[in-house]
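In UniProt numbering, the protein residues as written are 1 to 1134.
By construction, the Cβ of each residue, glycine as well, lies at the ideal position given by its N, Cα and C atoms.
Structure first, then comments.
Following this line, the structure appears as structure tokens:
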């Protein structure tokens, strides 16, 4: 509806609390005067037309403006109200504001029947009839509509025989209550709440409809749950008129005053009745349901921590009328879902820009740090990790202090966080005893550790880790990272460690957990006062020799967990008998001490130990479930396991002196995993339990006869790994009896020249590796393996490749590298034969061309390294993400590539002919290698996120407009609107590989060839959307970003730990014009479309202000989770 206001600009909001509309002749000096005075005395800013208008102003525009600037309008309908065109015009404007702006209109029927107003009869009907005959006839319809609408609004009926003073008090009380509810929360200091409020309102539903909806807000303490609930409550509260209530701190109110008091408060607020009494909690539940089940209610229950509280206040949806919305805030996400919340908004911390802005407001009363305090502010913000409570507390503490005081405080922020930690501790106090112990273990030892490993440790200590960790996550005390790690907010970690520290501030030996190396070494050298210690984790950054006596762990009667790494002790050392988990790398003694009673031990992990035997005789270890003694090179025999019947996992990897296996191992009926991988002296095994699932015998001296015996008793095996068993010449025909076998690894069994046809009887087999054997032809029996998914036949030269038509269509991985395959050996119909193929390796073969493989619709990785005769490639499947053509010296052109995935990684070292044709040199105006992928990204923008090309060369092409020596560079991003329109960022660097090459030859299985790598060039393309996502919360306009090229994924993928040196790096902002020139096949001028932002890259930029310093990863290619570039700093520039 169009506004009737003549003002061209919107008036400032809420200049007045109340606008009074009345007929002066009827009530100005009576009822309206009393009402106006009472409002003013209560502090309510009331507007009356004869009170605030300046002389000389035109009445009508000023009144219209005053109405729009008011939160409420009170319309006093008197007998003569409809006689006044002035009053009726006011009413039309009031109705317009009610409809457009949500203004609350409250009618007072003074000495007139409400039905007279609503139905336009009596005095009102007569007055309108007279207007129809006068000059105002054109407005009558508007006036009628307005009178009918407001006349039907519930209000006050003031009759002459009623106490008017009491009526006035009631009206003023109502206005006061409404004002207290609808006062806006100032958004000036509520940084980041706008977007979060919008997301919460989406859960609540834009159109409330008739459904009753419970919605939760969860998150750790101090994250802003109450603030967010208050913001949304104020924003949508007008829709619920007189039926709303915000119950803050429900948990505290229940504890201090009980359920009845909280129920009374809820009912009084919603029903607007003072002194409302509830006799008991059950009666309160009945009253809430009966009073509210037909009302459209907005209810916020803040800081709820138990189901009982919810049962007393909002048991279920049928307690409330259609369209009701109930918002519940809690640290316990599980509680919200269990109570029937249709959605839970998980509130995360502020992003970097939001956190810095909030900190600046609290500290400097400005939106950015004061000059000279930028770096200090960033350190505080990094410490707070987006937690608003911490930001506000630290901001208030540091505000107004000198630079010297900042320098002193910034080094010990933890000392000033008591108020923060007290809030966070509320969640801890609500845990049960096992949950508290698990929380403290994680806080002290296992933050950012693997979820599976932490659960394994906790289970070993007697906890129910699956349930416990889940509960900690639901209570917002933990979270999971995408990398499978447990993540605890640093402030929660500090809170947990403070709880432990306060157990005995001056004596570490009386604390339950020790993690600080100085505290641990102090306690271990002090013979008394150590009875309270439950867990010790000593993990030194570098190997260090520690001098301890034999009694170092004496008197630790409660020690259940001991983990020691990188510490070299002199032995022997006694161990406490309460241990449940013992992890000790490089254990110094030749055996476990005889005094060590091991009955409670659940897991024993002593890799790289000096032990020759674990123990002598039988040891009672009924709780032991897992043992790992990998790399214990002095171990000559396994112990007697008779006293450890519950062992499920035994690992003796790389125990190179191990030759004797105690026969008691055969009595371990619960043993499922056994590894003797790398035990080169091991020749035979005793009979094993029939439930064994996984057996690893790689690089052992196993004979044919011994394998025959193993197959006889290992009938339940699912994994049998025999790689590099060089004494093995044949596989027994009895192999076919292993009906549950899923993985058979015979890789590198250099004397193995055949496998029996009974291999086809392995009906469950999914993976088969025959690489590096003497077998020259894949056995026909593999065609009977209906579940086979992975087949490796590498390094078997010369190979006679039979037709692949018999292979089952479920094959996903096929490795035929270095098999001497020639032109025509690989079937042309491979796309039809193997439709499920995802990874194909045909490296080091003698193809000139490849058959059409475009029909392999699921293929995403193709490896063709060292196919030296290969001249061209066919059209590649659209899902291809990895392409390796290293050493393809005859390859002259790139294939036609059409991607459906968002990533593409290309590696092509030593492809001189390919480079000659594509001009990858310094003088290249643009790298043609990037042309097709970029054009594909232009055609389908949503499909291309990242490209990585690794090729031979030593100089960055001039197409990359900004270059500098070294491994880091400043990237100057364009200002808006160009920032939003940029297609992407092209990056380049030249790299010197300081190690041997990555290719493997048949003669050196598992070892790199001796060929030394030359310098090579790495090209990257990152889409504009990816860049904007990376910088989300850091910059939304012109910025200068510091990037480091120190970490590149392909080195880790090819050679973990490879030594590399980045020589030079460069970049180019890719514009639409660049893409158009690529499409046209023309050379783009070196000056980019964004040349306006180009600067001298031999120097650091001269920015306006530093807005981020840290390490935010730019993942240029998602491959095994390795990272290539990191954002080091972001500056805002002019």
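Item: If you pair each beta-carbon of the stretch 670 to 687 with each one of the stretch 644 to 653, do three or more pairs fall below 8 Å?; Value: yes
Item: Quickly, what does DSSP pair residue 486 with across the bridge? List them, please.; Value: 480
Item: Can you name, in chain order, every residue of its own chain whose Cβ lies under 7 Å from the Cβ of residue 132, other than the five neighbours on each side?; Value: 140
Item: What does DSSP give as the partner residue(s) for residue 594 in the beta ladder?; Value: Note: residue 594 sits in no beta bridge, so no partner.
Item: Is the separation between the beta-carbon of residue 552 and that of residue 493 shorter than 7 Å?; Value: no
Item: Near residue 150, what residues of its chain come up, given a Cβ to Cβ distance below 7 Å and the 5 sequence neighbours on each side ignored?; Value: 75, 91, 95, 105, 107
Item: What does the alpha-carbon distance come out to for the pair residue 334 and residue 430?; Value: 14 Å
Item: Helix, strand or coil, according to DSSP, for residue 1066 in the structure here?; Value: strand
Item: Using beta-carbon positions only, say whether residue 581 and residue 461 come within less than 7 Å of one another.; Value: yes
Item: Determine contact between the stretch 219 to 239 and the stretch 347 to 361, defined as no fewer than three beta-carbon pairs at a distance below 8 Å.; Value: yes
Item: Would a C-beta distance cut-off of 7 Å place residue 653 and residue 632 closer than the cut-off?; Value: no
Item: Give me the Cα-Cα distance between residue 61 and residue 157, rounded to the nearest whole angstrom.; Value: 31 Å
Item: Where do the N-terminal and C-terminal ends of the beta strand (DSSP E) with residue 552 fall, by residue?; Value: Neither: residue 552 is in no beta strand (DSSP E) and is coded neither H nor E.
Item: In the structure shown, what three-state DSSP assignment does residue 713 receive?; Value: helix
Item: First and last residue of the alpha helix (DSSP H) that includes residue 423?; Value: 418 to 429
Item: Rounded to whole angstroms, what is the Cα-Cα separation between residue 1012 and residue 949?; Value: With a pLDDT of 45 at residue 1012, under the threshold of 50, the modelled position of that residue is not reliable, and no figure is offered here.
Item: In whole angstroms, what is the alpha-carbon distance linking residue 471 and residue 792?; Value: 44 Å
Item: Just reading off the beta strand (DSSP E) that residue 19 is part of, what are its end residues?; Value: 16 to 21
Item: In terms of residues, what are the limits of the beta strand (DSSP E) holding residue 906?; Value: 903 to 908
Item: Between 536, 487, 525, which has its C-alpha nearest residue 511's C-alpha?; Value: 536
Item: Specify, as a first and last residue, the run of the beta strand (DSSP E) that residue 330 falls within.; Value: 325 to 330
Item: Quick one: what's got a C-beta closer than 8 Å to residue 390's C-beta in the same chain, skipping five residues either side?; Value: 222, 383, 384, 417, 420, 491
Item: On the premise that residue 838 lies in contact with residue 1140, defined as a C-beta separation below 8 Å, what is that separation, rounded to the nearest angstrom?; Value: Any answer about residue 1140 is impossible in this case: the structure gives the chain only from 1 up to 1134.
Item: Which word fits residue 1016, buried or exposed, when buried means at least 16 other C-beta atoms lie within 10 angstroms of its C-beta?; Value: buried
Item: Flag this pair as touching only if the stretch 826 to 843 and the stretch 851 to 865 have three or more C-beta atom pairs under 8 Å; answer yes or no.; Value: yes
Item: If distances are taken between C-alpha atoms only, which option among 213, 103, 514, 303 comes closest to residue 249?; Value: 303
Item: Is residue 363 closer than 7 Å to residue 395 when the C-beta atoms are compared?; Value: yes
Item: When DSSP builds the beta bridges, which residues end up paired with residue 544?; Value: 567
Item: Between the beta-carbon of residue 77 and the beta-carbon of residue 117, is there less than 7 Å?; Value: yes
Item: Based on Cα-Cα distance, which residue from 971, 1071, 375, 1020 lies nearest to residue 982?; Value: 1071
Item: Closest to residue 259 by C-alpha separation, out of 278, 270, 271, would be which residue?; Value: 278
Item: Between residue 36 and the rest of its own chain, which residues show a CB-CB distance below 7 Å, the 5 nearest in sequence each way excluded?; Value: 20, 46, 48
Item: Use the C-beta contact count for residue 815: other C-beta atoms within 10 angstroms, 16 or more gives buried, fewer gives exposed.; Value: buried
Item: Report the rounded CA-to-CA distance for residue 264 versus residue 299, giving the unit in angstroms.; Value: 14 Å
Item: Which first and last residues belong to the beta strand (DSSP E) in which residue 217 is found?; Value: 213 to 218
Item: Applying the criterion that 16 or more other CB atoms from any shown protein chain within 10 Å of the CB defines a buried residue, is residue 177 buried or exposed?; Value: exposed
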